[in-house]
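Structure record follows, encoded as structure tokens.
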Amino acid sequence: MVHHCRIFTVGAVLSETDQQIYKRRCVPGSCAPPCATSGPVGEYSFRRLAGKHLPCHTFHRSGSGPIGYLNEHANSSETIYFGGCFHGVRSAPDGLEPEGSGNMLLTSALWALAGAGVLGNAVLGSLVMCPRCKIISANLVRLPKAAIGRGEIALTFDDGPDAHITPLVLDQLDLYGAKASFFCIGEKVAAQPDLVAEIVRRGHSIENHSYNHRNLFAFSGIRKLKMEVVATQQAIHSASNGISSRFFRAPFGFRSPWLGSVLRQTHMQHVAWTRRGYDAVCRNPEVVLRRLVHNLSAGDILLMHDGGSARTRNGQPVVLEVLPRLLERCASHGLRSVSLPMALSNAQL
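To convert, note that position 183 of the sequence shown is 183 in the UniProt record's numbering; the numbers rise steadily by one, no gaps.
Here is the structure:
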């Protein structure tokens with residue numbers, strides 16, 4: 001038997017687009033519970049609706065399921081409710097409003113709306129999870145042309161300061177005459193103000209990396225975002241004898257759609273990176289170095305970690321194994337590492 005199926009919204013007048021007919025056969029023996037007929041109207045089960053596989057259902061003439069149907073043998077006012085597909089007449093009487101207590105089935109229009117919502121969320125999610133994209137808000141991923149012309153790159157270090165690793169990073173930078181930018185976590189700044197002051201004393205810049213480095217930072221509301229940014233600014237200002245950070249990097253680089261507004265209010269610029277070595281998770285210094293120097297050129301912003309650095313197999317922080325070799329490679333290519341304020345001092349953000 002061929003059943004004529006149509007979906008419609010409970011409580012709404014059917015439009016022409018809602019009266020689309022789907023014809024599907026119920027294959028005997030393939031339904032659970034088995035297909036059955038009873039009474040003058042009959043009860044039926046369907047295997048498919050609109051080309052999609054669905055569990056078989058037996059349709060009942062009474063009940064509170066979300067969908068109503070008109071049986072092809074019923075009169076124009078009789079409705080039957082069930083929890084799955086339905087069959088019915090090819091066209092609906094004008095003004096048909098199936099009975100039901102607020103229950104409804106997604107029509108083609110609602111499916112389109114739901115699909116648009118899902119797509120919109122997917123697009124927004126992909127932008128949030130895209131550290132280097134510039135659609136959500138302004139985002140620096142390379143140094144400006146003036147810095148490129150001077151042969152400059154920017155070394156940046158995240159998640160510090162670390163009482164054990166950061167001083168050794170500073171010593172290595174001094175050996176090569178290199179300057180860098182340290183994107184610090186606010187609560188660590190507040191706990192180690194002397195180390196922050198030492199970073200500044202050696203000619204490097206302290207930048208803002210949120211106060212708590214929360215995993216769900218990108219999904220915070222605008223008030224929470226502003227609190228994280230401002231609290232870190234205050235901690236840096238106190239530890240560095242009045243210096244305010246110009247640059248911000250979101251935890252993991254994941255940015256809320258509201259972050260751009262917060263940064264504009266606090267007169268800051270978001271900075272991502274050109275490339276990173278994943279030294280916070282990779283224990284192999286060779287792999288980390290290879291990622292950092294691949295196509296290395298003037299204008300690159302490189303990301304490493306002085307806080308939370310992974311450890312090599314012999315227990316050494318990966319960043320300390322990689323940094324000297326990276327600086328040697330930069331020198332051999334005629335590249336000079338500078339802090340972000342130095343690179344952008346004479347450039348337009």
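Ideal Cβ placement from N, Cα and C applies to all residues, glycine included. Values in this document were obtained by computation on a predicted structure and should not be read as measured data.
If you draw a straight line from the C-alpha of residue i to the C-alpha of residue j, how long is it?
i: D159; j: Y278; result: 13 Å
i: R276; j: I165; result: 19 Å
i: P161; j: G151; result: 28 Å
i: A310; j: L155; result: 18 Å
i: P285; j: I243; result: 34 Å
i: V293; j: K145; result: 20 Å
i: Q172; j: P257; result: 38 Å
i: L323; j: M304; result: 9 Å
i: A190; j: I236; result: 8 Å
i: T274; j: D194; result: 31 Å
i: V200; j: S181; result: 10 Å
i: L327; j: R291; result: 14 Å
i: A218; j: V262; result: 13 Å
i: V230; j: K224; result: 10 Å
i: G334; j: I222; result: 43 Å
i: G260; j: R249; result: 11 Å
i: F183; j: T232; result: 11 Å
i: N241; j: A343; result: 22 Å
Got a sec, what are the start and stop residues for the beta strand (DSSP E) residue i sits in?
i: T156; result: 152 to 160
i: M268; result: Segment: none, M268 is in no beta strand (DSSP E) and carries neither H nor E.
Could you give the residue range of the alpha helix (DSSP H) that holds residue i?
i: I243; result: Unbroken run through I243: none, as it is neither H nor E.
i: C330; result: 318 to 332
i: L170; result: 165 to 175
i: L303; result: No alpha helix (DSSP H) contains L303, which is instead part of the beta strand (DSSP E) from 301 to 305.
i: R283; result: Premise fails: R283 is in no alpha helix (DSSP H) and is neither H nor E.
i: A218; result: Looking at the DSSP string, A218 is not in any alpha helix (DSSP H), and its letter there is neither H nor E.
i: A298; result: Neither: A298 is in no alpha helix (DSSP H) and is coded neither H nor E.
i: A190; result: 186 to 191
So what does residue i bridge to, in DSSP terms?
i: S205; result: S181
i: I236; result: DSSP output for I236 lists no bridge partner at all.
i: S337; result: I153
i: L140; result: V271
i: R291; result: In the DSSP output, where bridge partners are listed per residue, R291 has none listed.
Pull up the CB-CB distance for residue i and residue j, whole angstroms please, since I reckon it's below 8 Å.
i: residue 351; j: R202; result: Nothing about residue 351 can be reported from this structure: the residues present for the chain run from 1 to 349 only.
i: G253; j: A280; result: Their Cβ separation, rounded to whole angstroms, is 12 Å, which puts G253 and A280 out of contact at 8 Å.
i: H209; j: I185; result: 5 Å
i: V319; j: D306; result: 6 Å
i: R246; j: P341; result: 6 Å
**Prompt:** Between the stretch 139 to 157 and the stretch 268 to 279, do three or more beta carbon pairs fall short of 8 Å?
**Reply:** Between the stretch 139 to 157 and the stretch 268 to 279, the count of C-beta pairs closer than 8 Å reaches three or more; the two stretches touch.
**Message:** Would the stretch 308 to 317 count as touching the stretch 293 to 300 if we require 3 or more Cβ pairs under 8 Å?
**Reply:** The stretch 308 to 317 vs the stretch 293 to 300: no contact.
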